[in-house]
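Top to bottom, those sequences are chains V and U.
Residue numbers are given in this note's numbering: position 180 of the first sequence equals residue 180, and the series is strictly consecutive.
Residue numbers are given in this note's numbering: position 250 of the second sequence equals residue 1250, and the series is strictly consecutive.
The beta carbon of each residue, even a glycine, is placed where N, CA and C say it ideally should be.
Below is one structure, written out as structure tokens; comments come after it.
2 protein chains.
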Amino acid sequence: MKHLVTFRIIDAIARTGSIRSAAEQLSQTPSAVQRRLQNYETELGHEIFERTSKGVRLNAAGEMAIGHVRHMLAETEQLNSRIADLAGVRRGHVSVGCSQALMPYFLPAEIARYQDDHPEVSFDVEVIEHGQAGAALEAFRVDIVLVVGEKAVPDYEVYLAAPQRVVAMMARDHPLAGRSGLRLRDCYAYPIALPKPGFSGRALLDQAVSHKTFGKKPVLQSNSFEYLKAHVAATDAITFQVRIGAPAVEQDSRIVSCEIDGRDVAGGMLYLGQRRSRALPVAASRFLEQLALALAQLD
Amino acid sequence: MKHLVTFRIIDAIARTGSIRSAAEQLSQTPSAVQRRLQNYETELGHEIFERTSKGVRLNAAGEMAIGHVRHMLAETEQLNSRIADLAGVRRGHVSVGCSQALMPYFLPAEIARYQDDHPEVSFDVEVIEHGQAGAALEAFRVDIVLVVGEKAVPDYEVYLAAPQRVVAMMARDHPLAGRSGLRLRDCYAYPIALPKPGFSGRALLDQAVSHKTFGKKPVLQSNSFEYLKAHVAATDAITFQVRIGAPAVEQDSRIVSCEIDGRDVAGGMLYLGQRRSRALPVAASRFLEQLALALAQLD
DNA sequence: ATTGGGCGTTGCCGAAAACGCGACACGCGG
DNA sequence: CCGCGTGTCGCGTTTTCGGCAACGCCCAAT
Chain V
1 MKHLVTFRII DAIARTGSIR SAAEQLSQTP SAVQRRLQNY ETELGHEIFE
51 RTSKGVRLNA AGEMAIGHVR HMLAETEQLN SRIADLAGVR RGHVSVGCSQ
101 ALMPYFLPAE IARYQDDHPE VSFDVEVIEH GQAGAALEAF RVDIVLVVGE
151 KAVPDYEVYL AAPQRVVAMM ARDHPLAGRS GLRLRDCYAY PIALPKPGFS
201 GRALLDQAVS HKTFGKKPVL QSNSFEYLKA HVAATDAITF QVRIGAPAVE
251 QDSRIVSCEI DGRDVAGGML YLGQRRSRAL PVAASRFLEQ LALALAQLD
Chain U
1001 MKHLVTFRII DAIARTGSIR SAAEQLSQTP SAVQRRLQNY ETELGHEIFE
1051 RTSKGVRLNA AGEMAIGHVR HMLAETEQLN SRIADLAGVR RGHVSVGCSQ
1101 ALMPYFLPAE IARYQDDHPE VSFDVEVIEH GQAGAALEAF RVDIVLVVGE
1151 KAVPDYEVYL AAPQRVVAMM ARDHPLAGRS GLRLRDCYAY PIALPKPGFS
1201 GRALLDQAVS HKTFGKKPVL QSNSFEYLKA HVAATDAITF QVRIGAPAVE
1251 QDSRIVSCEI DGRDVAGGML YLGQRRSRAL PVAASRFLEQ LALALAQLD
């Protein structure tokens, strides 16, 4: 892609904030990178970056320019994808941004299923928080987002929204295991292990117990889902997760998960979305449809 | 604009339908043009043009590619415009496609008024038929369209739609001059001069008289508005025009125009539009707003 | 106050890409 | 059959690009 190299360079400079680091990332010398930037600025008639002592920073004009540049790159990728699709080659690339809860079970299964049919399609998976989803889409850092968040109106185009109940996870032989109509108060009779703030479900839990008298500090916090599971399996502690992030019995026999009464904790929403009014590359579009189908059949 | 030269070349090839003529138009040799095309096709992984013995023709993949290319060019122009606007330079270019009826009076007055404020903005004005407006916008051949057409839903984004009555134009001393509540039957008592088919108002007239008993062939047809005016001024013939295309008394004192009763001839619609979901360059956007304001104040 | 390391920038020169020229092969119409 | 116009390719020249090294600058640590 000869005519896009300038755009790639400018994108790299904007991302890294420095000409030299962008050059290193692109396996080039700083002088080459700086010349391309200078040429582009000359063509545009304006500087795009403000030069500081520790690097460069996007200008007012640069903010507009970087949007243009990324739009160009994304649209070229889309054209390539459509051309390849027209030729029946079925290759492409999809980058997904999703909440931590989707990482252990749901997303890998879906990607594996998709790649069974389309082995030539490669994936990027990036953990992303709900609040940053819109920005990541806008900057073309990801094609698709799949995040759980509060019931607010997202700032991106929602392709599908599915309500997500919160479930409690505990050891298989836990006294509460298998109980139906589980109340939050019952759970808080046992030690509580929670994911760190910022993870899916944590905000929902904090909100639920904020006005309860039985609220207490968790005995364990972790940003490792695996560790939380292991801890819960080995002790009588209880942890929480949105339903799609909890393992089924066939995925982890040490643990069972029980739905919590809806009056106690407001469920979140699982949002599947893309950039506003963007025509996705073919591979990304197909994967989006598969995800939507899978989510619809989940209930 | 170094990185767009390939796009310009491909656009030229698509427009002219031949590598050699595109080369001539760009003041280059055919070999250079052919190499750029070949390189681009190699990068894309597919041929964009089908080679025939009398030139080249867009391929299935080429139809997608040419849209992409023109989108790129238009968006780059928009970025340039916004950057220039940010610097306060206020230069730019606007290309307008409009019906023939707008050419004599309305559009030149508006452009002159706009250029009074923004002398650095240049204009292209192209006569266009209503049916081709959508295609011209889609191919980025024009930024704005201002056309009269039947009351159907246009295939572009309508910024403003204003109903247009049809008026009869006759000599100043014509027996019908100054009559209010003029009926079409009265006009057809005199010789009729009409613009050629395809011009604004002609289709409306043909439709109006198609079921009337007094319909008759026009004594004069012309594609020159000036000639029609001169003929009407010198004889007792009558011609028709949508209201905005008829001269006011201060513009041509030889001619007066009288509105025709709305029961006789269905007025057309004057559509001011742009390409669907396109962010126009600043200059074009401002001119669009001025046109909308002028049209709204017309009544 | 000095010094060192990071940054963007620039002159220079070899490498690579683009260009123009001319010639070729092919299809079509006279 | 030939002439015309088309796309295409090889070759030498011109233009552009990229790496190297050096410079000036700013800031922080000495």
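Mark residue i as exposed unless 16 or more other C-beta atoms lie within 10 angstroms of its C-beta, in which case mark it buried.
i, result
"U/R1239", "According to the sequence displayed, residue 1239 of chain U carries Thr and not Arg. When all chains shown are included, U/T1239 counts as buried."
"V/R263", "exposed"
"V/S81", "buried"
"V/K229", "buried"
"V/S224", "exposed"
"V/A189", "exposed"
"V/L298", "exposed"
"U/S1277", "exposed"
"U/V1219", "exposed"
With respect to the alpha helix (DSSP H) encompassing residue i, which residues constitute its N-terminal and C-terminal limits?
i, result
"U/G1245", "Neither: U/G1245 is in no alpha helix (DSSP H) and is coded neither H nor E."
"U/L1295", "1282-1296"
"V/S31", "30-44"
"V/P175", "From DSSP, V/P175 is part of no alpha helix (DSSP H); its letter is neither H nor E."
"U/H1231", "1225-1234"
"V/L204", "202-209"
For the beta strand (DSSP E) holding residue i, just list the boundary residues, first then last.
i, result
"U/A1161", "1157-1164"
"V/A193", "192-195"
"U/V1265", "U/V1265 -> no beta strand (DSSP E), and no H or E assigned at all."
From the DSSP output, in three-state form, read off residue i for me.
i, result
"V/T239", "strand"
"U/E1077", "helix"
"U/P1108", "helix"
"U/T1016", "helix"
"U/R1141", "coil"
"U/G1131", "helix"
"U/A1279", "coil"
"U/I1048", "coil"
"U/S1021", "helix"
"V/H93", "strand"
At the 9 angstroms Cβ level, is residue i part of the contact set with chain V, yes or no?
i, result
"U/N1223", "no"
"U/L1086", "yes"
"U/F1007", "yes"
"U/A1074", "no"
"U/A1065", "yes"
"U/E1043", "yes"
"U/I1083", "yes"
"U/L1228", "no"
"U/M1170", "no"
"U/H1093", "no"
"U/H1118", "no"
"U/L1079", "yes"
"U/M1001", "yes"
"U/L1026", "no"
Would you mind stating whether residue i and residue j have Cβ atoms separated by less than 9 angstroms?
i, j, result
"V/L160", "V/L295", "yes"
"V/M269", "V/Q164", "yes"
"V/H68", "V/N59", "no"
"U/L1291", "U/Q1078", "no"
"U/V1096", "U/L1146", "yes"
"V/V166", "V/A109", "no"
"U/G1267", "U/L1176", "no"
"V/A284", "V/D85", "no"
"U/H1130", "U/G1149", "yes"
"V/V56", "V/I111", "no"
"U/H1003", "V/L4", "yes"
"U/A1152", "V/A87", "no"
"V/F106", "V/I244", "yes"
"U/D1116", "U/G1181", "no"
"U/D1143", "U/R1275", "yes"
"U/R1183", "U/R1254", "no"
"U/Q1100", "U/F1199", "yes"
"V/Y114", "V/F287", "yes"
"V/G273", "V/A162", "no"
Mind checking if residue i is an interface residue toward chain U, Cβ cutoff 9 angstroms exclusive?
i, result
"V/S277", "yes"
"V/L298", "no"
"V/A61", "yes"
"V/K217", "no"
"V/K54", "no"
"V/Y156", "no"
"V/L137", "no"
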